[in-house]
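J.: FYI, the numbering for the sequence shown is 73 to 210, going by this note's numbering.
What follows is a single structure, and I will ask about it in a moment.
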Amino acid sequence: MSLRRTRLTVSTPGRSIQEITDEVQRAVAQAGVSEGLAHVFLHHTSASLILCENADPTVRRDLEAFFARLAPDGDPIYAHTAEGPDDMPAHVRTVLTQNSLTLPVSGGRCDLGTWQGVFVWEHRRRPHRRRLTVTVWG
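Shown next as structure tokens:
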């Protein structure tokens, strides 16, 4: 069995959903694993990883609109506001989504569906550098 870890860094402009499919596919290809699994882990509590529709950007816009209603910035129910009004809502969004994905590898690539892409969903308003680990084994 082969195992390889790759570190990635994604710079976000602030609250946004940024596709990282190509970066993940490169890490998988460089691992040299033909068949197996790729695990992508985001090392943060105020951003998420999502497997999402990658063809129509209105899907991502609608996700953001839904979460803005579900976990609004500055809601008075939050006691944790140490880093501002978007602090606790960012944590809520992350808990309700995910910070890791496990993807099948086939033919040396992530075996994604036709319209699937891997995305970092930044939940904070200001820019951040987000650290990820891609572990491939097979």
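Ideal Cβ positions, reconstructed from N, Cα and C, are used throughout, including at glycine.
All values derive from a computational prediction rather than experimental measurement.
Looking at C-beta atoms only, is the number of pairs between the segment 86–93 and the segment 185–196 that lie closer than 8 Å three or more?
T.: yes
J.: Can you tell me the Cα-Cα spacing of HIS115 and TYR150, whole angstroms?
T.: If I take the Cα positions, the gap works out to 23 Å.
J.: Report all residues from its chain with a CB closer than 6 Å to the CB of LEU175; omit the five preceding and five following residues, and keep chain order.
T.: ALA110, CYS182
J.: Kindly provide the ranges of any alpha helix (DSSP H) runs that are 4 or more residues long and lie completely inside the segment 139–175, ordered along the chain.
T.: 159–168
J.: Might you give, ordered along the chain, the residues of its own chain that have their beta carbon closer than 7 Å to the beta carbon of PRO157, omitting 5 neighbours on each side?
T.: ASP145, GLY146
J.: Here's a check: name, in chain order, each residue in its chain whose Cβ is nearer than 7 Å to the Cβ of ARG201, leaving out the five neighbours to either side.
T.: THR81, SER83
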